[in-house]
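Q: Take this structure first; my questions come after.
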Amino acid sequence: MAAVAVATRWWLLLMLSAAELGVAPAPQPPNILLLLMDDMGWGDLGVYGEPSRETPNLDQMAAQGMLFPNFYTANPLCSPSRAALLTGRLPIRSGFYTTNGHARNAYTPQEIVGGIPDSELLLPALLKGAGYASKIVGKWHLGHRPQFHPLKHGFDEWFGSPNCHFGPYDNKARPNIPVYRDQEMVGRFYEEFPINLKTGEANLTQIYLQEALEFIQRQQAAHRPFFLYWAVDATHAPVYASKPFLGTSQRGRYGDAIRELDDSVGRILRLLRDLGIAENTFVFFTSDNGAALISAPRQGGSNGPFLCGKQTTFEGGMREPAIAWWPGHIPAGQVSHQLGSIMDLFTTSLSLAGLEPPRDRAIDGLDLLPAMLQGHLTDRPIFYYRGNTLMAVTLGLYKAHFWTWTNSWEEFKQGIDFCPGQNVSGVTTHSQEEHTKLPLIFHLGRDPGERFPLSIASIEYLDALRRITPVVQQHQEALVPGQPQLNVCNRAVMEQDEPNPCGMWVWTGWVDGLGCSQPVSPAPHPPPPNPAGVLRMDVQPKLLP
Ligand SMILES: [Ca+2]
């Protein structure tokens, strides 16, 4: 990998040559700014048709750049999606999945033992090879234990949190979520970083904005290329906004959060222009998974015409808003119908830096620069996973479901609904339905809402199946799953100020409405001895088969 990096550091060679000759250095590679929203849906932006028209800055960003209406995440949940963005690899390759249940989503709650493996190469670590300074602002979600933190995986700076802003907790059985500056914990949500659940007021987006602006200014002054990963979470329930934005949206509190994020993006882009570095800064805006309809409409967004939302592998869970902006390079006001993936941001960023992706592993991301700069379209499949189960694939306009499932009847009866108002018989099923022999196939052009499966007796179905089958076979035959990282929970790994006197606990149940490995009840006292210090969650999830 290092050899590849050296060989392709064209701009660095130019700079060195220029220095030897005593002339002005060649231009730097472009700065890279990835704006990742949390649970924001495809239909939440004015430019995507949201009727309230409350995202003027994002709409303008699209008008000055390129819109990708067919852009996908790699998993309908935060942690695996973010792992995919930073590694360029499907979560099943990087180990960001669980095998505790079939087709089971998993993320990194406070008691997760695993995290991003050292063997994974993350984008900031690779960009370092091209001289980039890297910062993450906001939510990490790739493991909260120290060995998994951003600064151990290539970032130079971090301001934010390893977990979601759930809470408040009692700080006894469960601590509030910590907030870090680099390696140092500087406070916790609901304490030093308050979130008022009653009013929805929190200043976090403003803090994250200032962190971004300050970093950009500092790197520009140092004439150093930068990678800024702005991973804000105001649109993840509990949604929040700062006082000036509260009550300003026609959409309620979720809209307030969107309006503040939109305003922040506008301020970031304005700063790039004011500093004269807009033409040397590539900016990409997207979201980590579809809107959480389980929280809608008060605390969740819109997936536009698409079916269901977060947690599902229907379009509403996986298709994301996406805008590329690079004045002077990406032509303004364009729409690309390239099937894009969040994993492409990895490969595209390396390409921008003059680097090639690692060759010692499978990389799923494509370089989107040909699509952005020359309008080239590349045929590629989009794979939809839950856990280690391949649920569906899209090729061209055809989407084939090998498994359909939303959530269990048990959850559904408790009022947990990933597809409110969108029941499609035989499609939004509450038992896991296998279609591996004869997949349910939809034409997303005629039927973006996945309501009308093609007849299996039709020529169109057979033609689509003939195209899809070899692509899936090739993918599955070549696939080498990573060691699953999200199988094991242990309460003792939570970030307490004091060592946890309870020691190890075996947890026997799950709350899975959030898709997390959330233990709910301790085993009978006393906990069994566990000299290894790690307990395996070998109990099948209570609510998900
Ligand atoms: Ca999310």
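Under mature numbering (1 follows the signal peptide of the UniProt record, and there is no 0), the letters of the sequence shown match residues -26 to -1, 1 to 519, in that order. The C-beta atom is built at its ideal place from N, Cα and C for all residues, glycine as well. Every value quoted in this text rests on a predicted model; they were computed, and no experiment measured them.
Using beta-carbon positions only, say whether N177 and R162 come within less than 8 Å of one another.
A: no
Q: Quick one: Cα of N362 to Cα of Y228, how far?
A: 32 Å
Q: Less than 8 Å separating the beta-carbons of D130 and K113?
A: no
Q: For T402, is the classification buried or exposed, using 16 other Cβ atoms within 10 angstroms of its Cβ as the cut-off for buried?
A: With 16 or more other Cβ atoms within 10 Å, it is buried.
Q: Between P455, D262, L329, which lies nearest to A104 when the distance is taken from Cα to Cα?
A: Per the C-alpha coordinates, the member of P455, D262, L329 positioned closest to A104 is L329.
Q: Express the C-alpha separation of Y203 and P136 in angstroms, rounding to a whole number.
A: For P136 and Y203, the distance between alpha carbons rounds to 14 Å.
Q: Just verifying my parser: in three-state terms, what is the DSSP assignment at S382?
A: coil
Q: Near ligand 1, which residues have their beta-carbon closer than 5 Å to a heavy atom?
A: D12, D13, C52, D262, N263
Q: Taking the beta carbon of Q448 as the centre, do at least 16 other beta carbons fall within 10 Å, making it buried, or is it exposed?
A: exposed
Q: Distance check for P444 and D437, CA to CA, integer angstroms please.
A: 12 Å
Q: Helix or strand or just coil, what does DSSP make of R233?
A: helix
Q: Using only alpha-carbon positions, find the residue among L187, T72, Y81 that is nearest to S55.
A: Y81
Q: Which residues in the same chain have their Cβ closer than 8 Å to the Cβ of Y182, if we skip the five residues on either side of it in sequence?
A: V111, G112, F133, G134, W204, V206, S238
Q: Out of T179, A345, G117, D236, state which residue places its alpha-carbon closest to the alpha-carbon of E85.
A: G117
Q: Take W383 and list the residues in its own chain whose beta-carbon comes closer than 8 Å to its own, dropping the five residues that flank it on each side.
A: H404, S405
Q: Mind checking whether A215 and E234 have CB atoms under 8 Å apart?
A: Yes.
Q: Under three-state DSSP, which class holds H375?
A: strand
Q: Confirm, please, whether the CB-CB distance from P332 to R67 is below 8 Å.
A: no
Q: For C138, does the three-state DSSP call read helix, strand or coil?
A: coil
Q: How would you call I433, buried or exposed, if buried means at least 16 neighbouring beta carbons within 10 angstroms?
A: exposed
Q: How many angstroms separate the CA atom of F122 from the CA atom of G89?
A: 6 Å
Q: Flag this pair as touching only if the stretch 299 to 310 and the stretch 260 to 278 have three or more C-beta atom pairs under 8 Å; answer yes or no.
A: no
Q: Which class does T3 belong to by DSSP, given the choice of helix, strand or coil?
A: Checking the sequence, you will find Pro at residue 3 rather than Thr. Here P3 sits in coil by DSSP.
Q: Going by DSSP, name the residue or residues bridged to T72.
A: In the DSSP output, where bridge partners are listed per residue, T72 has none listed.
Q: Quick one: what does DSSP say S491 is sitting in, helix, strand or coil?
A: For S491, the predicted structure reports a pLDDT of 40, less than 50, and the residue's modelled location is therefore unreliable. A value from the coordinates is still provided. In the structure shown, S491 sits in coil (DSSP, three-state: anything other than H, G, I, E or B).
Q: How should H139 be labelled, buried or exposed, when 16 other C-beta atoms within 10 angstroms of its C-beta is the threshold for buried?
A: buried
Q: Taking just the CA atoms, how far does A296 sit from T321?
A: When the Cα atoms are used, T321 and A296 turn out to be separated by approximately 16 Å.
Q: In chain order, what residues of the same chain have a beta carbon less than 7 Å from the beta carbon of I442, not counting five sequence neighbours either side?
A: V367, L369, Y372, A374
Q: Is DSSP giving T368 helix, strand or coil here?
A: strand
Q: Report yes if the C-beta distance between T378 and L412 is below 8 Å; otherwise report no.
A: no
Q: Report all residues from its chain with a CB closer than 6 Å to the CB of P301; omit the five preceding and five following residues, and keep chain order.
A: A252, E253
Q: Using CA coordinates, which residue listed in Q457, E28, Q459 is at the minimum distance from S223?
A: E28
Q: I want to check one thing, is the minimum distance from the CB of R354 to the heavy atoms of ligand 2 below 7 Å?
A: Ligands displayed in this structure: ligand 1; ligand 2 is not among them.
Q: V21 to G291, Cα distance in whole Å?
A: 19 Å
Q: Should I457 be labelled buried (16 or more other beta-carbon atoms within 10 Å of its own) or exposed?
A: According to the sequence displayed, residue 457 carries Gln and not Ile. The residue in question, Q457, is exposed, as its Cβ has fewer than 16 Cβ neighbours within 10 Å.
Q: Do you know how far the Cα of A36 is from the Cα of A345?
A: 15 Å
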